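What the sequence shown shows, in this note's numbering, is residues 469 to 794, in sequence order. Where is the CB? At the ideal position from N, CA and C, for every residue including glycine. All values reported here derive from a predicted model rather than from experimental measurement. Right, one structure below, let's go through it.
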Amino acid sequence: MISLADSLLRLPRERFALAPTPVQELARLRDLLGGAGRVPRLLIKRDDLNGVALGGNKLRKLEWLVADALDRGCDTLLTAGAAQSNHCRQTAGVGAMYGMEVHLCLRGPEPATATGNLVADRWLGAKLHFSEPGADVSAAMRDLAERLRQEGKNPYPIPIGGSNAIGAVGYAAAVLEWTEQGIVPDYVAVATGSGGTQAGIETGVRLLGSKSVVLGYGVALPDGRSWAEDIADLATATAARLGSDEIVTPEQVRCGTEYMGPRYGAPTPESQEALRLLARVEGVFLDPVYSAKAMAGLIDDIRKERFAPEDTVLFIHTGGTPALFA
Numbered sequence: 469m470i471s472l473a474d475s476l477l478r479l480p481r482e483r484f485a486l487a488p489t490p491v492q493e494l495a496r497l498r499d500l501l502g503g504a505g506r507v508p509r510l511l512i513k514r515d516d517l518n519g520v521a522l523g524g525n526k527l528r529k530l531e532w533l534v535a536d537a538l539d540r541g542c543d544t545l546l547t548a549g550a551a552q553s554n555h556c557r558q559t560a561g562v563g564a565m566y567g568m569e570v571h572l573c574l575r576g577p578e579p580a581t582a583t584g585n586l587v588a589d590r591w592l593g594a595k596l597h598f599s600e601p602g603a604d605v606s607a608a609m610r611d612l613a614e615r616l617r618q619e620g621k622n623p624y625p626i627p628i629g630g631s632n633a634i635g636a637v638g639y640a641a642a643v644l645e646w647t648e649q650g651i652v653p654d655y656v657a658v659a660t661g662s663g664g665t666q667a668g669i670e671t672g673v674r675l676l677g678s679k680s681v682v683l684g685y686g687v688a689l690p691d692g693r694s695w696a697e698d699i700a701d702l703a704t705a706t707a708a709r710l711g712s713d714e715i716v717t718p719e720q721v722r723c724g725t726e727y728m729g730p731r732y733g734a735p736t737p738e739s740q741e742a743l744r745l746l747a748r749v750e751g752v753f754l755d756p757v758y759s760a761k762a763m764a765g766l767i768d769d770i771r772k773e774r775f776a777p778e779d780t781v782l783f784i785h786t787g788g789t790p791a792l793f794a
C-alpha cells in the first residue's frame with residue numbers, strides 16, 4: 469500500500485485554507501436523540517471554519533486546483549454552478565487572494581435583488597455570467613473559456629464543485645488530517661452535491677487502510693448513471709492521481725437521494741428541522757442546501773437505529789453559511 473502522506477507531498481498544492489479544522493463533540497444532540505447506550509457518539513468536522521471568503525469544503529479542493537492552474541501559467545479562474553453556489557463564492561475569494569480574474573457562469577437569470585452568495589461574489593470582484601433557465605452552465609463555461617483565450621487570457625476552467633481528480637485529492641488529504649487529530653470514525657457522513665468531496669473521502673479511507681464507512685447523502689441528482697457509479701469512477705481516478713492502483717467499485721459506495729426533496733436547493737421539512745435543531749442545541753448553523761439535508765438523513769438513520777451505540781459517526785460540515793441569507 470502506498471503512503472498517502474508521501475503521495476500528497478508529491479503533488480502541487482497551494483495552502484490557504486485554515487487547517488486543521490476543529491472536530492467538535494455533539495453531546496447535546498446525542499442526548500436529545502436518546503443518549504449514550506442507545507445512540508452513537510456524534511462528532512462534527514467544522515470545514516465551515518476554514519477561512520477564505522466565509523469558508524467551506526471547496527477550499528480543500530481549490531488548494532490543489534489553483535496549484536495546477538499556476539503550474540500551467542493561467543491568469544484567470546473560470547467555474548460554474550447555481551446562482552447561490554458556495555463553490556463559486558470560494559473560487560472568487562481565492563482568485564482575489566492570488567490577483568486572478570474570476571468568471572462565474574451561473575444557472576438561471578440574474579435575480580432582481582442579489583442575496584447570499586451573490587452579494588459575496590460581487591464584493592470579491594468576480595464577473596458574473598447568468599444564463600437562461602435550463603441552460604447547460606458547463607457548456608457556457610467552455611464557450612466563455614474560448615472567448616477569453618481569443619482575448620489573450622489564459623483561463624483555467626474548474627468543473628462544477630471542483631469535482632475532478634485534482635480537486636478530490638483535497639478530501640483524501642482531509643482523511644489524513646482527522647486521523648492525525650486522533651479521530652478514527654466508524655462512519656463518515658457527508659452531503660454529496662457534485663461528488664468530489666465524497667469521492668476524495670472514499671479514496672482517503674482506502675489509502676489509509678481505514679475501516680470507516682462513508683455515508684453520502686445526495687442533495688442533487690448525479691450527472692451520470694448513479695451516484696454510486698459516478699463516485700466510484702472519480703474515487704478511482706483520484707487514487708490514480710495519488711499513484712495508487714486502488715479500484716473503487718459502485719457496490720462499495722453508499723449514496724442515496726431520499727433526503728434530497730423535490731429538487732436541488734429546495735428545503736424539506738426534515739432539513740428545516742435539522743437546521744433549527746443544531747442551532748438550538750449546539751449553536752451550530754448548518755446550510756439549507758447541503759449540510760442540513762445530510763444531517764436530516766443522519767438523524768433519520770439514528771432514529772431508525774442503523775448504528776450501534778458504540779459507533780462513532782463523524783459528520784462533515786461543508787459550509788454554505790451565506791445561503792442562510794438568500
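Looking at the DSSP output, GLN492 sits in a beta bridge with ILE512. Ranked by Cα distance from LEU486, the first of GLU531, ALA504 and LEU494 is GLU531. By the Cβ rule, the segment 573-581 counts as touching the segment 540-555, because three or more pairs are nearer than 8 Å. LEU472 is positioned such that its CB atom lies no closer than 8 Å to that of ILE651. Checking the DSSP bridge columns, you'll see HIS597 partnered with CYS573. Between TYR685 and ALA762, the C-beta spacing is below 8 Å.
With 16 or more neighbouring CB atoms inside 10 Å of its own CB, GLY563 falls in the buried class. Taking the Cα of GLY629 as reference, the smallest distance to any Cα among GLY672, ARG709, SER606 and TRP591 is reached at SER606.
Take LEU538, set aside five residues on each side of it, and the residues of its chain with a beta-carbon closer than 8 Å to its own are PRO480, GLU482 and TYR566, in chain order. If you ignore the 5 residues before and after LEU746, its C-beta comes within less than 6 Å of the C-beta of VAL752 and LEU754, all in its own chain and listed in chain order.
Residue pairing of HIS555 in beta bridges, as defined by DSSP: absent, with no partner found. Listed in chain order, the non-local C-beta contacts of GLY661 below 7 Å within the same chain comprise GLY629, VAL687, ALA688 and TYR758, local neighbours out to five positions each way being set aside. The beta carbons of VAL658 and ILE784 sit closer together than 8 Å. Proximity to THR786 across ALA613, LEU522 and PRO625 peaks at LEU522, based on C-alpha coordinates.
Note on the segment 691-726: whole alpha helix (DSSP H) runs with a minimum of 4 residues are 695-709, in chain order. Not a single unbroken stretch of the beta strand (DSSP E) spanning 3 or more residues falls wholly within the segment 597-621. Each residue's CA atom was taken as its position, placing ILE699 and GLY584 some 29 Å apart.
Contact check between the segment 702-716 and the segment 485-505: fewer than three CB pairs, one atom from each, fall below 8 Å, which does not count as touching. Short of 7 Å from the beta carbon of ASP589, and not among the five residues preceding or following it, lie these beta carbons of its own chain, in chain order: CYS556, ARG557, ALA560, LEU572 and LEU596. Membership of GLY635 in the alpha helix (DSSP H) is indicated by the continuous run 633-648. The bridge partners DSSP lists for ILE784 are LYS513. Following the DSSP letters along the chain, one finds GLY765 inside the alpha helix (DSSP H) bounded by residues 759-771. Rounded to whole angstroms, the separation of the alpha carbons of VAL507 and GLU773 is 8 Å. Judged by their CB atoms, ARG722 and VAL682 are nearer to each other than the 8 Å cut-off. By the 16-neighbour rule on beta-carbons within 10 angstroms, THR489 is buried.
In the structure shown, PRO623 falls within a strand segment according to DSSP collapsed to helix, strand and coil. Shown here, ALA485 sits in coil according to DSSP, grouped into three states, outside any helix or strand. Shown here, ALA791 sits in a helix according to DSSP, grouped into three states. For VAL507, the secondary structure class from DSSP, reduced to helix, strand or coil, is coil.
By the CB criterion at 8 Å, LEU676 and LEU710 fall outside the cutoff. For THR544, no alpha helix (DSSP H) run applies; the uninterrupted beta strand (DSSP E) run containing it begins and ends at 544-550, by DSSP. Between the alpha carbons of PRO625 and GLY663 lies a gap of roughly 18 Å.
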